[in-house]
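**Student:**
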Amino acid sequence: MNKMEDSKRLYTTDSTLREFDATVTRTGPKFAVLDQTAFYPEGGGQPSDTGKLIVNGEEVQVIKVIKRGKEVFHYLDKDIQLGAAVHGVIDWDQRLQFMRLHSGEHLLTGLFEARGSGPKVFSSFSQLDFQPSEITEETLEEVWRRFDEIIDEDVPVDIYFTNRDELDVGGDERKQSFLEKIPKNIHELRMVKIGDYAETFCMGTHVKSTGEIGKLKSLRLEPKKKRKNIVYFELGD
Ligand SMILES: [Zn+2]
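Here the sequence shown is numbered in our numbering, starting from 8 and rising by one per residue.
(1) Only counting the same chain, and skipping five residues up and downstream in sequence, which positions put a Cβ closer than 7 Å to that of Lys-224?
(2) Just tell me which of Arg-122, Gln-53, Ala-92 has its CA closest to the CA of Glu-112.
(3) So is the beta-carbon of Val-164 under 7 Å away from any non-hydrogen atom of ligand 1?
(4) Tell me, to the nearest whole angstrom, how far the beta carbon of Phe-132 is from that of Leu-108; I am working on the premise that it is less than 8 Å.
(5) Could you spell out where the beta strand (DSSP E) holding Met-198 opens and where it closes?
(6) Roughly how many angstroms lie between the CA atoms of Asp-179 and Val-40, to the nearest whole one?
(7) Please name the residue or residues paired with Asn-63 in a DSSP beta bridge.
(8) Taking 7 Å as the cut-off, is the C-beta of His-109 nearer than that to any heavy atom in ligand 1?
(9) Is there at least one non-hydrogen atom of ligand 1 closer than 7 Å to the beta-carbon of Gly-4?
(10) With DSSP as the reference, please indicate the residues paired to His-113 in a beta bridge.
(11) With 16 as the cutoff for other CB atoms within 10 Å, does Lys-127 come out buried or exposed?
(12) Ignore the nearest five residues each way along the sequence and tell me which others in Glu-66's own chain have a CB closer than 7 Å to its CB.
Structure representation (structure tokens):
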């Protein structure tokens, strides 16, 4: 039986989950869909987790994880059997690194946008693009200083769910345009809030508080491209 079933995405409610048990609900050449998973599939500027599945005492490597529709596909180094019980183990050092960078990107976005540098139109682990934008060296210095202070404050990173109809975007252009891009059939939105500094819709994985992100190692402004201001950042070890 190969019917399509939703994969329960455990990372949306617990991003600290490193291991989990699941059942294989669909298979194909070197891939498997599970009834539930803690592996984060790539998306939202965050790459996919890697790790392993333990099946009958044998290790199968998880090379890449991608969400297609409501299913999460785990790409493997070998085939596994439909209906098999598996124990998933995430490469935690890598995930933690991803969560630090991704959460840091949220905080930086909030700090820049609060200073009129925005809205943000693109982000990755190390790059933030703002348009329209006028970012000065003074803004850059101010953001860096505030970022490091907020790391010291160890502000909680809160996740909450809200109904899209109840969400007040308060005339915020970026939130409004982001909201319009989310398919109309999705009513419950997952929000990520870092104190009063940053709040956005996001399905990604995040650290529990800003202290885990760590301070900036670099923050620099690239020459403008197509009216976009491009900011690069790196975190310390
Ligand atoms: Zn996020």
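Note that CB positions come from ideal geometry on N, CA and C, so glycine has one too.
**Tutor:** Answer, in terms of the structure:
(1) For Lys-224, where only same-chain residues beyond five positions count, the Cβ hits under 7 Å are Glu-241, Leu-242, Gly-243.
(2) In this structure, Gln-53 is the residue among Arg-122, Gln-53, Ala-92 with its C-alpha nearest to the C-alpha of Glu-112.
(3) With a cutoff of 7 Å, Val-164 does not count as near ligand 1, since its C-beta is closer than that to no heavy atom of the ligand.
(4) Between Leu-108 and Phe-132 the Cβ distance is about 5 Å, and since that is below 8 Å, they are a contact.
(5) For Met-198, the enclosing beta strand (DSSP E) covers residues 195-201.
(6) Going by the C-alpha atoms only, they are around 38 Å apart.
(7) According to DSSP, Asn-63 bridges with nothing at all.
(8) At a cut-off of 7 Å, the beta-carbon of His-109 counts as near ligand 1: some heavy atom of the ligand is closer than that.
(9) Because residue 4 is not part of the residues shown, which for the chain are 8 to 244, the question remains open.
(10) None, per the DSSP bridge assignment.
(11) So Lys-127 ends up on the buried side.
(12) Result list for Glu-66: Lys-59, in chain order.
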